[in-house]
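*Asks:*
What follows is the structure in structure tokens.
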């Protein structure tokens with residue numbers, strides 16, 4: 196088997212074995228190496244912990260294979276599902292990352308969906324995506340207050356309660372600066388809020404994503 200997972204106690208999810216080609220994806224997912232396996236821990240009282248483990252057991256391998264570039268990422272179907280569930284429920288969210296470029300028609304291929312959610316809606320998103328929840332919504336000691344992860348055919352990750360440190364030391368396309376300049380894009384009948392294109396271009400340039408910068412420049416969406 197390419198992937199073997201286990202649960203230690205109520206709140207530790209483990210990869211006991213993964214194929215060598217999938218190890219970078221495990222590390223990218225935030226699992227720490229420890230005594231020959233990789234693990235991530237959640238508070239024992241985290242809501243939906245048991246359901247998340249059940250989903251993780253069956254969805255961890257497809258998640259890793261997509262992250263490793265071995266399988267296609269059906270991001271459009273996943274985003275349609277996100278829009279259906281979150282917009283209908285009135286969740287305060289917006290789309291960041293490469294998918295925010297893709298919904299503008301820029302020819303990039305997202306590896307996942309990155310959502311920015313209000314602090315108050317963070318756990319509710321976990322409720323709404325419960326059938327695909329693979330990491331329960333838990334406190335994050337990061338630039339945000341909350342983090343959750345689901346698989347809806349493609350990986351969906353969200354951060355909630357993003358604070359000012361997201362724009363330190365430099366402005367990002369997922370921080371408060373971006374949140375104050377959101378634009379609305381029509382996509383498959385849904386209204387999707389995304390960061391301004393000039394900000395995503397600046398971030399891409401800073402990250403050395405020169406091909407992405409060229410695609411942004413070539414798009415008719417870029418203001419002149």
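Residue numbers (the working numbering): 196 to 419. For each residue, glycine too, the CB sits at the ideal point set by N, CA and C.
Hey, out of 411, 251 and 311, whose CA is closest to residue 329's CA?
*Replies:* Residue numbering aside, residue 329 sits at position 134 when the chain shown is read from its first letter. For residue 329, the nearest C-alpha among the options comes from 251.
*Asks:* Among 363, 345 and 324, which has the Cα closest to the Cα of residue 337?
*Replies:* Numbered from its first residue, the chain shown carries residue 337 at position 142. Comparing Cα positions, the closest option is 363.
*Asks:* With 16 other CB atoms within 10 Å as the buried threshold, where does residue 199 fall?
*Replies:* Within the chain shown, residue 199 is the residue found at index 4, counting from 1. So residue 199 ends up on the exposed side.
*Asks:* Can you give the Cα-Cα distance for residue 296 and residue 408, rounded to whole angstroms?
*Replies:* If you number the chain shown from 1, residue 296 lands on position 101. If you number the chain shown from 1, residue 408 lands on position 213. Going by the C-alpha atoms only, they are around 11 Å apart.
*Asks:* Rounded to whole angstroms, what's the CA-CA distance from residue 392 to residue 205? Just pull it up for me.
*Replies:* Here residue 392 refers to the residue found at position 197 when the chain shown is read from its first residue. Here residue 205 refers to the residue found at position 10 when the chain shown is read from its first residue. Going by the C-alpha atoms only, they are around 43 Å apart.
*Asks:* Between the Cα of residue 345 and the Cα atoms of 277, 226 and 267, which residue gives the shortest distance?
*Replies:* Here residue 345 corresponds to residue number 150 of the chain shown, with the count starting at 1. The shortest C-alpha separation from residue 345 is found at 277.
*Asks:* Should residue 360 go down as buried or exposed, given a rule of 16 or more other Cβ atoms within 10 Å for buried?
*Replies:* Along the chain shown, read from residue 1 onward, the residue named residue 360 stands at position 165. The residue is exposed, with fewer than 16 neighbouring Cβ atoms inside 10 Å.
*Asks:* Can you tell me whether residue 198 is helix, strand or coil according to DSSP?
*Replies:* Position 3 of the chain shown holds residue 198. It is a strand residue.
*Asks:* Looking only at DSSP bridge pairs, what is residue 242 linked to?
*Replies:* On the chain shown, residue 242 is found 47 positions in, with the first residue counted as 1. Residue 242 pairs with nothing; no bridge assigned.
*Asks:* With DSSP run on the structure shown, which of helix, strand or coil describes residue 262?
*Replies:* To locate residue 262, count along the chain shown from 1; it is residue 67. Residue state, collapsed to three classes: helix.
*Asks:* Would you identify the three-state DSSP class for residue 211, choosing helix, strand or coil?
*Replies:* Taking the chain shown and counting its residues from 1, the one referred to as residue 211 is at position 16. Here residue 211 sits in strand by DSSP.
*Asks:* Going by CA-CA distance only, name the one from 314, 372 and 381 that's closest to residue 398.
*Replies:* As a position in the chain shown, residue 398 is number 203, starting the count at 1. Checked all of 314, 372 and 381; the closest Cα to residue 398 is 372.
*Asks:* Would you kindly work out how many angstroms separate the C-alpha atoms of residue 380 and residue 302, rounded to a whole number?
*Replies:* The residue labelled residue 380 in the question sits at position 185 within the chain shown. The residue labelled residue 302 in the question sits at position 107 within the chain shown. About 16 Å.
*Asks:* What's the call for residue 416, buried or exposed, on a 16-neighbour Cβ count within 10 Å?
*Replies:* Here residue 416 refers to the residue found at position 221 of the chain shown. Annotation note: pLDDT 48 at residue 416 (below 50); position unreliable, coordinate value reported separately. So residue 416 counts as exposed.
*Asks:* In the DSSP assignment, the beta strand (DSSP E) including residue 291 goes from what residue to what residue?
*Replies:* Looking up residue 291 in the chain shown gives position 96. 288-291 is the extent of the beta strand (DSSP E) around residue 291.
*Asks:* Which full runs of the beta strand (DSSP E) of 3+ residues lie inside the stretch 310-346, going along the chain?
*Replies:* You should have 328-334 and 341-346.
*Asks:* Excluding the 5 residues preceding and the 5 following residue 419 in the sequence, name in chain order all residues of the same chain whose CB lies nearer than 7 Å to its CB.
*Replies:* The residue you call residue 419 lines up with position 224 of the chain shown. Legend: pLDDT at residue 419 = 48, less than 50; position of this residue unreliable, value from coordinates given subsequently. Result list for residue 419: empty, nothing under 7 Å.
*Asks:* Taking the alpha helix (DSSP H) that residue 402 falls in, what are its first and last residues?
*Replies:* Here residue 402 is taken as the residue at index 207 of the chain shown, counted from 1. Run containing residue 402: none; DSSP gives neither H nor E here.
*Asks:* Rounding to the nearest angstrom, what Cα-Cα distance links residue 357 and residue 383 in this structure?
*Replies:* Counting from 1 along the chain shown, the entry for residue 357 is found at position 162. Counting from 1 along the chain shown, the entry for residue 383 is found at position 188. Using only the alpha carbons, I get a separation of about 28 Å.
*Asks:* Measuring straight from C-alpha to C-alpha, what distance separates residue 316 and residue 348?
*Replies:* For this step, residue 316 is matched to residue 121 along the chain shown. For this step, residue 348 is matched to residue 153 along the chain shown. Roughly 22 Å separates the two Cα atoms.
*Asks:* Name the two residues that bound the continuous beta strand (DSSP E) containing residue 277.
*Replies:* In the chain shown, counting from the first residue as 1, residue 277 sits at position 82. Premise fails: residue 277 lies in the alpha helix (DSSP H), 270-277, not in any beta strand (DSSP E).
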